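**Q** So my numbering is basically just the index in the sequence shown, starting at one, shifted up by 1.
From the three backbone atoms N, C-alpha and C, an ideal C-beta is built for every residue, glycine too.
Every value quoted in this text rests on a predicted model; they were computed, and no experiment measured them.
Could you have a look at this structure, given as structure tokens, before my questions?
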Amino acid sequence: MKPEVRAVARRRATELRGRSAESLALHALLLKGYRPLGARFRAAGGEIDLIVRRGATIAFVEVKARSTLAAAQGAIDGHKVARFSRAARAWISRHPNTDAATFRADAVFVAPWTWPRHVADAFPIR
């Protein structure tokens, strides 16, 4: 198999794993009483995997899937937080009707054969 074909197949598999992890994370959040406002929001050079609301709190959610929960938790670095924060600020500016809401950055970590781990207020929105 040609290297470029392998690369395309690898990207597709990674994309499928990511979408599957996001779906699992959303279902876990729904069971906790959150309702979805959006998914895969892209702006300002960043992306937010899920945007959910429970009560007056709007959570911007980063979903990380790895082979272990510990590996998933270690996958959010400063560069990711900066890009995520830019996207969150862009979303807030485009939704002025949410002025009274409390905003936070959550994370959901996904690994095989484990229930997703939701961490509220996982990192600051800068």
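1) If I follow the unbroken beta strand (DSSP E) through residue 97, where does it start and stop?
2) Report back the beta-carbon spacing between residue 107 and residue 62 to the nearest angstrom; my notes put them in contact at under 8 Å.
3) Counting along the chain, where does the beta strand (DSSP E) carrying residue 47 start and finish?
4) What separation, rounded to the nearest whole angstrom, lies between the Cα atoms of residue 6 and residue 19?
5) Do residue 118 and residue 82 have their C-beta atoms within less than 8 Å of each other?
**A** Let me spell this out:
1) Here residue 97 belongs to no beta strand (DSSP E), and DSSP marks it neither H nor E.
2) 5 Å
3) 47-55
4) 20 Å
5) no
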